[in-house]
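Data block below; observations after.
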Amino acid sequence: MKTPFLRTALAASAAVGLTMGLAACSDDSADGNGGGAGSGDTVKIVTSTKVWADVAQAVVGDAEGVEVEPIIASNDTDPHSYQPTAADMALVEQADVLLAGGGHYDAWLTEAASSESAAIILTASDGDSFDGHGHGEEGHAEEGHEDHEGHDHSTEVNEHIWYDTDAVKSVASTLASEINAHWDLGASDEDVVKRLDEIDVRKAKLPKSTTAQTHPLADDILAGTKIVDDTPGGYRRATLNESEPSPADVAAMLETIESGNLDFLIDAPQTRDQVSERLVKAAQAKGLRIVNVYESPGANESFFDLYDRILDDLEQE
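Numbering (mature numbering (1 follows the signal peptide of the UniProt record, and there is no 0)), first residue to last: -23 to -1, 1 to 294.
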């Protein structure tokens, strides 16, 4: 289990794959008298996606003098390939706190912060860990979440860490601690933990079934459930690495869909391409239902509601 760390020094509190950076924070800020609400101004929390904005908003609650703003505020944009605009860069420069998933997924947010930025930078994963020996090595391939073709999911790294409820709880805890250390806002992880505990209870009760994924977005949703992911190993590796599956990989995936062994297919509409469209059509022709899993919630939906909605679909038999 990894520990949070300051980019200027190591910290001692434990968390799941959680990285914390303080970029050039002033001595006044460390004493709780820095910028933002501590000096009469608004504390500005800028996040990569609406997922982390919803987590941050739940942590600060109804506290006055706090603004939470995501760069990607809906589910009609693919965060993997997002390019920050000039307006985004301005938001980053004005931020007191930057919150992202980490790794290569949304590195564009933290990379946009200048070396002179005084923002507190938190990421759910250490970017240096995304080399095949990071988050996925912490045992998230749980009992019942089996591998296909001898492929060991536990040695992989999946950057869709926000569906890992333990990781999100750790983010919320560390974010609350950092906010309260710098500003008197009464931040708390209580609401986040409560919602995610409820989600964990629902996950544990999901019925046994078999699925495959057009994109490995739902790994941490399936972890700890009785749902078996039968995605062919070659196809899975290609999509996990954001590369084009080979014709043989696609053929293996089509064969899996045609096999009659699947109960449903998991699709990721936010990152849909010609290959995934072909697979979805094949699944529909086979009579399989499609469970849509998004990278981020819609503009009028919270991350927690999105997770619940996905579980609603998975509970169907």
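We treat Cβ as the ideally placed atom computed from N, Cα and C, and that holds for glycine.
Practice task
Look up F189 in the DSSP assignment and say whether it is helix, strand or coil.
Solution key: For the sequence presented, residue 189 should be read as Ala rather than Phe. Strand, per DSSP.
Handout entry: Proximity to D196 [Cα-Cα], best of S94, R266 and T142
Key = It is T142 whose Cα lies nearest to the Cα of D196.
Exercise for the section: Decide yes or no for the touch test of the segment 179 to 195 against the segment 40 to 54: beta carbon pairs closer than 8 Å, at least 3 of them. Expected result: Taking a cut-off of 8 Å on C-beta distances, the segment 179 to 195 does not touch the segment 40 to 54, as fewer than three cross pairs fall below it.
Exercise for the section: Starting from the C-beta of A260, find all residues in its chain whose C-beta is less than 7 Å away, skip the five residues before and the five after it, and write them out in chain order. Expected result: Around A260, the same chain offers I234, L242 and I267 as residues with beta carbons nearer than 7 Å, after the five sequence neighbours per side are excluded.
Handout entry: CB-CB length for V28 against W139, believed under 8 Å
Key = Under the criterion of beta carbons closer than 8 Å, V28 and W139 qualify as touching, at roughly 5 Å.
Problem - For N238 and P56, the rounded distance between their alpha carbons - result: P56 and N238: Cα-Cα distance of roughly 32 Å.
Problem - Inter-stretch contact at 8 Å, needing at least 3 Cβ pairs: the segment 287 to 294 / the segment 69 to 78 - result: By the Cβ test, the segment 287 to 294 is not in contact with the segment 69 to 78, since fewer than three Cβ pairs between them sit closer than 8 Å.
Handout entry: L256 and L231 closer than 8 Å at C-beta
Key = Taking the C-beta atoms as reference points, L231 is found nearer than 8 Å to L256.
Exercise for the section: With a threshold of 16 other CB atoms inside 10 Å of the CB of A149, please say whether the residue is buried or exposed. Expected result: Label assigned to A149: buried.
Handout entry: Beta-carbon gap between Q251 and E272 smaller than 8 Å
Key = No, they are not a contact pair.
Exercise for the section: Report the three-state DSSP secondary structure of residue 323 (helix, strand or coil). Expected result: This structure cannot settle anything about residue 323, because the visible part of the chain is limited to -23 through 294.
Problem - At least three beta-carbon pairs within less than 8 Å, the segment 163 to 182 to the segment 277 to 285 - result: Inter-segment contact for the segment 163 to 182 and the segment 277 to 285 is present: three or more beta-carbon pairs are separated by less than 8 Å.
Handout entry: Nearest neighbour of A63, chosen from L86, V170 and T19 [CA to CA]
Key = The alpha carbon of A63 has as its nearest neighbour, out of L86, V170 and T19, the alpha carbon of L86.
Practice task
Check whether the Cβ atoms of A164 and A153 lie closer than 8 Å to each other.
Solution key: With respect to the 8 Å criterion, A164 and A153 are classified as neighbours on the basis of their beta carbons.
Exercise for the section: Measure the beta-carbon distance from V32 to V169 and round it to whole angstroms, keeping in mind my assumption that it falls under 8 Å. Expected result: V32 to V169, Cβ: 6 Å. Contact.
Problem - Terminal residues of the beta strand (DSSP E) in which N269 lies - result: R266 to N269 is the extent of the beta strand (DSSP E) around N269.
Problem - Residues near E44 by beta carbon distance below 6 Å, same chain, minus five either side - result: Answer for E44: T19 and K21, listed in chain order.
Practice task
Starting from D141, trace the alpha helix (DSSP H) both ways and give me its first and last residue.
Solution key: It is not in any alpha helix (DSSP H) - D141 carries neither H nor E in the DSSP assignment.
Problem - Three-state class that DSSP yields for E123 in the structure shown - result: Since pLDDT at E123 reaches only 40, below the 50 mark, its modelled position is unreliable, and the value read off the structure follows with that caveat. E123: coil per DSSP, three-state reduction.
Handout entry: Cβ neighbours of A229 in the same chain (closer than 7 Å, five flanking residues each side left out)
Key = So the qualifying residues of the chain are P209, G211 and Y212.
Practice task
Between the Cα of E46 and those of P224, S25, P222 and L217, spot the shortest distance and give me the residue it belongs to.
Solution key: By alpha-carbon distance to E46, the top candidate from P224, S25, P222 and L217 is S25.
Problem - Helix, strand or coil at T24 according to DSSP, with G and I counted as helix - result: The three-state reading of DSSP puts T24 in strand, counting E and B together.
Handout entry: Neighbour-count burial assignment, K146, 16 or more Cβ in a 10 Å radius
Key = By the beta-carbon neighbour count (other beta carbons within 10 angstroms, threshold 16), K146 is buried.
Problem - Contacting residues, own chain, Cβ-Cβ under 8 Å from P224 (five flanking each side not counted) - result: So the list is empty, once near-sequence residues are dropped.
Practice task
Report the three-state DSSP secondary structure of S58 (helix, strand or coil).
Solution key: In the structure shown, S58 sits in a helix (DSSP, three-state: H, G or I).
Exercise for the section: Report the option in G201, R172, A158 and S220 whose CA atom is closest to the CA atom of H192. Expected result: The residue among G201, R172, A158 and S220 with its C-alpha nearest the C-alpha of H192 is S220.
Exercise for the section: Would you kindly work out how many angstroms separate the C-alpha atoms of T100 and S236, rounded to a whole number? Expected result: When rounded, the separation of the alpha-carbon atoms in T100 and S236 is 40 Å.
Problem - Collapsed DSSP secondary structure at G80 in the structure displayed - result: Of the three classes helix, strand and coil, the one that applies to G80 here is coil, per DSSP.
Handout entry: Straight-line Cα distance separating D240 from H81
Key = The straight-line gap from Cα to Cα measures roughly 32 Å.
Exercise for the section: State the Cα-Cα distance for the pair L288 and H159, rounded to the nearest angstrom. Expected result: Distance between L288 and H159, taken at the CA atoms: about 37 Å.
Problem - Rounded C-alpha distance that separates A155 from L162 - result: Checking the sequence, you will find Glu at residue 155 rather than Ala. In a straight line, the C-alpha of E155 is about 11 Å away from that of L162.
Problem - Identity of the residue in T54, R214, S58 and A95 nearest V69 by Cα - result: Its Cα nearest to that of V69, the residue A95 stands out among T54, R214, S58 and A95.
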